[in-house]
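Numbering (the working numbering), first residue to last: 4 to 323. Remarks on the structure that follows.
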Amino acid sequence: MSAAPPREIEIVDSHTAGEPTRVVVSGGPDLGEGALQHRLARLRDEHDDLRRGVIEEPRGSDILVGALLGPSADSTCAASVIFFNNAGYLNMCGHGAIGVAVTLAHLGRIGPGRHRLETPVGQVGFDYGGGSRVTIENVPCHRLLHSVTVDVPDYGFVTGDVAWGGNWFFLVGDHREQLLRSHVHRLTDVAWRIRRALEQGGITGAEGAPIDHIELFGPPQDPANDSRNFVLCPGGAYDRSPCGTGTSAKLACLLDDGELRPGQTWRQESILGTVFEATAEIRDGRIVPRITGDAYITGHGRLLFDPGDPFRQGVSETAR
Ligand code: PYC
Numbered sequence: 004m005s006a007a008p009p010r011e012i013e014i015v016d017s018h019t020a021g022e023p024t025r026v027v028v029s030g031g032p033d034l035g036e037g038a039l040q041h042r043l044a045r046l047r048d049e050h051d052d053l054r055r056g057v058i059e060e061p062r063g064s065d066i067l068v069g070a071l072l073g074p075s076a077d078s079t080c081a082a083s084v085i086f087f088n089n090a091g092y093l094n095m096c097g098h099g100a101i102g103v104a105v106t107l108a109h110l111g112r113i114g115p116g117r118h119r120l121e122t123p124v125g126q127v128g129f130d131y132g133g134g135s136r137v138t139i140e141n142v143p144c145h146r147l148l149h150s151v152t153v154d155v156p157d158y159g160f161v162t163g164d165v166a167w168g169g170n171w172f173f174l175v176g177d178h179r180e181q182l183l184r185s186h187v188h189r190l191t192d193v194a195w196r197i198r199r200a201l202e203q204g205g206i207t208g209a210e211g212a213p214i215d216h217i218e219l220f221g222p223p224q225d226p227a228n229d230s231r232n233f234v235l236c237p238g239g240a241y242d243r244s245p246c247g248t249g250t251s252a253k254l255a256c257l258l259d260d261g262e263l264r265p266g267q268t269w270r271q272e273s274i275l276g277t278v279f280e281a282t283a284e285i286r287d288g289r290i291v292p293r294i295t296g297d298a299y300i301t302g303h304g305r306l307l308f309d310p311g312d313p314f315r316q317g318v319s320e321t322a323r
């Protein structure tokens with residue numbers, strides 16, 4: 004250890020349906036006041052070392068999603084939250100919001116009841132019952148493009164929908180893959196090549212936003228569920244949970260196609276077999292998704308950043 008004291012960051016770790024969330028409770032940078040989008044820009048442009056140090060090796064890993072807690076300008080919100088991962092910053096994160104809810108309860112900052120979080124893309128409500136179970140009311144979702152076909156090199160034509168669920172997704176049912184846990188390396192490769200083909204074809208979300216999540220769908224393993232998915236996240240890791248924003252994007256497509264009615268429950272199974280229960284309602288002409296899942300606290304402690312540690316700012320695991 005060097006003479007100067009290490010920087011300390013308090014964190015709470017949890018997982019939601021198998022997908023981890025690391026909440027930064029204190030020790031983060033002062034991002035000032037103002038709109039959360041501006042605070043996110045300041046974090047990205049001036050303090051990206053926080054994201055790297057918390058997420059990358061040797062303290063983290065590619066599969067972690069981080070969540071920086073902060074104050075909210077809106078007194079009806081329990082907190083503001085900025086989500087990040089190994090590739091950068093996320094607009095919203097469904098499993099992460101469920102993890103944040105259970106973390107706030109663990110910290111004694113909320114009790115059972117209805118609460119709200121401020122995210123960079125809008126407010127997200129949540130119902131917390133006092134245990135592991137949380138229902139989030141996500142930002143409105145919608146389908147932007149229906150049946151888009153891309154030519155994926157060395158794979159062939161793949162058709163899917165482009166939809167928003169708090170992040171941009173390409174949702175594919177017509178692949179030739181088996182959605183098995185033992186196939187995750189192949190699934191990752193196929194999904195990554197679909198993502199590249201979308202980029203090369205100039206297919207984006209609204210206003211040129213990159214489609215940085217790819218979602219493959221197939222039949223569920225458990226007949227109690229409606230569907231199984233494999234979700235590739237922006238930095239090349241796959242979501243262990245059914246993906247809250249991805250399930251929201253799926254709801255938008257199902258409602259548009261008349262395959263699900265408002266209020267009807269959709270049980271989305273993940274590649275691990277864990278489940279989110281989802282419903283949607285139409286409010287002011289917009290589709291508002293509700294996602295229910297369970298999160299569990301796995302740790303509560305301090306990360307130490309020794310100024311003399313050559314890896315204090317993290318080492319990227321991702322070679323992509
Ligand atoms: O649950 O929305 C989600 C999510 C996005 C990336 C990883 N999980």
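C-beta: ideal position from N, C-alpha, C; glycine also.
For this session: Write down every uninterrupted run of the beta strand (DSSP E) in the stretch 17-54 whose length is 3 residues or greater and which is fully enclosed by it, in chain order.
Result: 22-29
Exercise. If you drop the 5 nearest sequence neighbours on each side, which residues of the same chain put their C-beta closer than 8 angstroms to that of THR301?
Worked result: ASP16, SER17, HIS18 and PRO23
Exercise. DSSP on VAL193, reduced to helix/strand/coil?
Worked result: helix
Problem set entry | 7 angstroms CB neighbourhood of ARG323 in its chain, flanking five on each side removed | Note that ARG323 scores 41 on pLDDT, short of 50, meaning its location in the model is unreliable and no value can be drawn from it.
For this session: Report yes or no: do three or more beta-carbon pairs, one from the stretch 115-131 and one from the stretch 255-268, lie closer than 8 angstroms?
Result: no
Exercise. Got a sec, what are the start and stop residues for the beta strand (DSSP E) LEU219 sits in?
Worked result: 216-221
Exercise. Which class does VAL234 belong to by DSSP, given the choice of helix, strand or coil?
Worked result: strand
For this session: Starting from the N-terminal side, write out each stretch of the beta strand (DSSP E) that is 3 residues or longer and does not extend beyond the stretch 156-208.
Result: 159-167 and 171-175
Exercise. What are the boundary residues of the alpha helix (DSSP H) that includes GLY128?
Worked result: Element bounds for GLY128: not the alpha helix (DSSP H) but the beta strand (DSSP E), 125-131.
Exercise. So GLN316 packs on ARG62, CB below 8 angstroms; how close in whole Å?
Worked result: In fact, because the Cβ distance is near 10 angstroms, the residues do not count as touching under 8 angstroms.
Exercise. GLY163 and VAL151 look like a contact to me (Cβ under 8 angstroms); what is the Cβ gap, rounded to whole Å?
Worked result: 6 angstroms
Exercise. Start and end of the beta strand (DSSP E) containing ILE85?
Worked result: 82-87
Exercise. To which residues does DSSP link GLN271 through a beta bridge?
Worked result: SER230 and PHE279
For this session: For GLY297, write down the residues that DSSP places opposite it in a beta bridge.
Result: For clarity, residue 297 is Asp in the given sequence; the question names Gly instead. Paired residue(s): ARG136.
Exercise. Out of curiosity, what's the CA-to-CA distance linking ALA209 and SER29?
Worked result: 35 angstroms
Exercise. Going by Cα to Cα distance, which pick from LEU148, VAL127, HIS149 and HIS145 is closest to ILE139?
Worked result: VAL127
Problem set entry | From GLY169, PRO237 and PHE314, residue whose alpha carbon lies closest to that of ASP192 | PRO237
For this session: Inspect the beta-carbon positions of VAL27 and LEU53 and report whether they are closer than 9 angstroms.
Result: yes
Exercise. Once you ignore the five residues that flank ARG42 on each side, which residues in its own chain have a CB closer than 6 angstroms to its CB?
Worked result: LEU34
Problem set entry | Residue range of the unbroken alpha helix (DSSP H) whose run includes LEU110 | No alpha helix (DSSP H) holds LEU110; DSSP gives it neither H nor E.
Problem set entry | Secondary structure of GLY211, DSSP reduced to three states | helix
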